[in-house]
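Q: Heads up: the sequence shown begins at 16 in the numbering used here, then just goes up one per residue.
Ideal Cβ positions, reconstructed from N, Cα and C, are used throughout, including at glycine.
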Amino acid sequence: MGSSENRENPDEVVNNTFHHSSSSSSRHDWKNRIFIPTLLAGVAGAGTGLLSKHRKSLGLANVAASYAANFAIVTGCYCGAREFVTATRKTGPEDLWSSAIAGFGSGALLGRLYGGQFGAIRYSVIFAVVGTTADFTILKLKDGWRDYSKTIYQDIENLKKNENWLRLPEWFPIKVLDEEELAAKRAQEEQFLAQRARIRSLRDKEDS
């Protein structure tokens, strides 16, 4: 009785395993959608600081660090707000309304801290437009890359099915000949050798 009651249902084990893997994958994606853009923004900010006109007066390291921190803070706030709105509205990363709401909210907050009421209004609009445009562009690039990868994979599979996947492209200088082309080449070589032998025999007769 006790052992049978403690046994887990196989369906429950599968469901628990799937739920655990999906939740861990969701957490991993959630970190990537915040951490990686923030890190890239910091690197881009540092590069922008290296090109700034204030680097001579304020110091190259200070300007680069300041730009990197500002870019990272802005991107981290926006990405965090976007993920919070997405989780609250229970939508996916493809929902651009979450991007617009997150940009409006994070822009209003940062604008209020740095520029007062007027800054809140201005930065909320800027963040909403820029954030939504960036997310839309990234989604389109992902879709385009996915379609391109599928096309390449399908072409490779078609070549394998047609037994032509080992054939070199037409512009390649080295050509791989099939059986008919090899037979034609051998016939041309034999004909050329026969002509040379005939010319040599004629020369020998003339010399004699």
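Which word fits ILE49, buried or exposed, when buried means at least 16 other C-beta atoms lie within 10 angstroms of its C-beta?
A: Your numbering for residue 49 matches position 34 in the sequence shown. The residue in question, ILE49, is buried, as its Cβ has 16 or more Cβ neighbours within 10 Å.
Q: Leaving out five residues before and five after ARG127 in sequence, what residues of the same chain have Cβ atoms less than 7 Å from its Cβ?
A: As a working mapping, residue 127 is identified with position 112 in the sequence shown. So the qualifying residues of the chain are GLY134, ALA135.
Q: Compare the beta carbon distance of THR147 and ALA115 with 8 Å and say whether it is the shorter of the two.
A: If you number the sequence shown from 1, residue 147 lands on position 132. If you number the sequence shown from 1, residue 115 lands on position 100. Yes, they are a contact pair.
Q: Would you mind reading off the limits of the alpha helix (DSSP H) that contains GLY91?
A: Taking the sequence shown and counting its residues from 1, one reaches residue 91 at position 76. Where GLY91 is concerned, the enclosing alpha helix (DSSP H) stretches over 75 to 104.
Q: Measure the alpha-carbon distance for ALA3 versus LEU125 and round it to whole angstroms.
A: There is simply no residue 3 to check, as the chain begins at 16 and stops at 223 in what is shown.
Q: Measure the alpha-carbon distance for THR194 versus GLN169 and round it to whole angstroms.
A: Here residue 194 is taken as the residue at index 179 of the sequence shown, counted from 1. Here residue 169 is taken as the residue at index 154 of the sequence shown, counted from 1. According to the sequence as given, residue 194 is Glu; it is not Thr. The straight-line gap from Cα to Cα measures roughly 28 Å.
Q: Would you kindly check if the distance between the Cβ of TYR82 and the Cβ of GLY64 is under 8 Å?
A: On the sequence shown, residue 64 is found 49 positions in, with the first residue counted as 1. On the sequence shown, residue 82 is found 67 positions in, with the first residue counted as 1. Yes, the Cβ-Cβ distance between GLY64 and TYR82 is below 8 Å.
Q: Which residues mark the beginning and the end of the alpha helix (DSSP H) in which GLU205 is found?
A: Walking along the sequence shown from the start, residue 205 turns up at place 190. Start and end: 194 to 222.
Q: If you draw a straight line from the alpha carbon of ASP219 to that of PHE207, how long is it in whole angstroms?
A: Position 204 of the sequence shown, counted from the start, is the residue given in the question as residue 219. Position 192 of the sequence shown, counted from the start, is the residue given in the question as residue 207. Roughly 18 Å between the two C-alpha positions.
Q: Using CA atoms only, rank isn't needed, just tell me which of ASP150, VAL89, THR53, ILE51 is closest to TYR129.
A: Looking up residue 129 in the sequence shown gives position 114. The residue with the shortest Cα to Cα distance from TYR129 is VAL89.
Q: Just checking my contact of SER113 with PHE142 at CB under 8 Å: how many whole Å lie between their CB atoms?
A: As a working note, residue 113 is residue 98 in the sequence shown. As a working note, residue 142 is residue 127 in the sequence shown. Not confirmed; about 13 Å, so no contact.
Q: Roughly how many angstroms separate the alpha carbons of GLU109 and TYR163, rounded to a whole number?
A: Residue numbering aside, residue 109 sits at position 94 when the sequence shown is read from its first letter. Residue numbering aside, residue 163 sits at position 148 when the sequence shown is read from its first letter. Looking at the two C-alpha atoms, the distance is approximately 19 Å.
Q: In the structure shown, what three-state DSSP assignment does ASP170 receive?
A: The count along the sequence shown starts at 1 and reaches residue 170 at position 155. The three-state reading of DSSP puts ASP170 in helix, counting H, G and I together.
Q: Hey, would you say ALA117 sits closer than 8 Å to VAL140, going by beta carbons?
A: One-based indexing of the sequence shown puts residue 117 at position 102. One-based indexing of the sequence shown puts residue 140 at position 125. No, the Cβ-Cβ distance between ALA117 and VAL140 is not below 8 Å.
Q: May I have the straight-line CA-CA distance separating GLU196 from ALA209, to the nearest angstrom?
A: Start at 1 with the first residue of the sequence shown, and residue 196 comes out as number 181. Start at 1 with the first residue of the sequence shown, and residue 209 comes out as number 194. Going from the Cα of GLU196 to the Cα of ALA209 covers about 20 Å.
Q: Is the beta carbon of ALA59 closer than 8 Å to that of PHE86?
A: Taking the sequence shown and counting its residues from 1, one reaches residue 86 at position 71. Taking the sequence shown and counting its residues from 1, one reaches residue 59 at position 44. Taking 8 Å as the Cβ cut-off, PHE86 and ALA59 qualify as a contacting pair.
Q: For PHE119, which residues of its own chain have a beta-carbon under 8 Å away from its beta-carbon, when the five flanking residues on both sides are left out?
A: The residue labelled residue 119 in the question sits at position 104 within the sequence shown. So the qualifying residues of the chain are SER139, VAL140, PHE142, ALA143.
Q: Leaving out five residues on either side along the sequence, give the residues of the same chain with a beta carbon under 8 Å from the beta carbon of GLY107.
A: Counting from 1 along the sequence shown, the entry for residue 107 is found at position 92. Contacts found: THR101.
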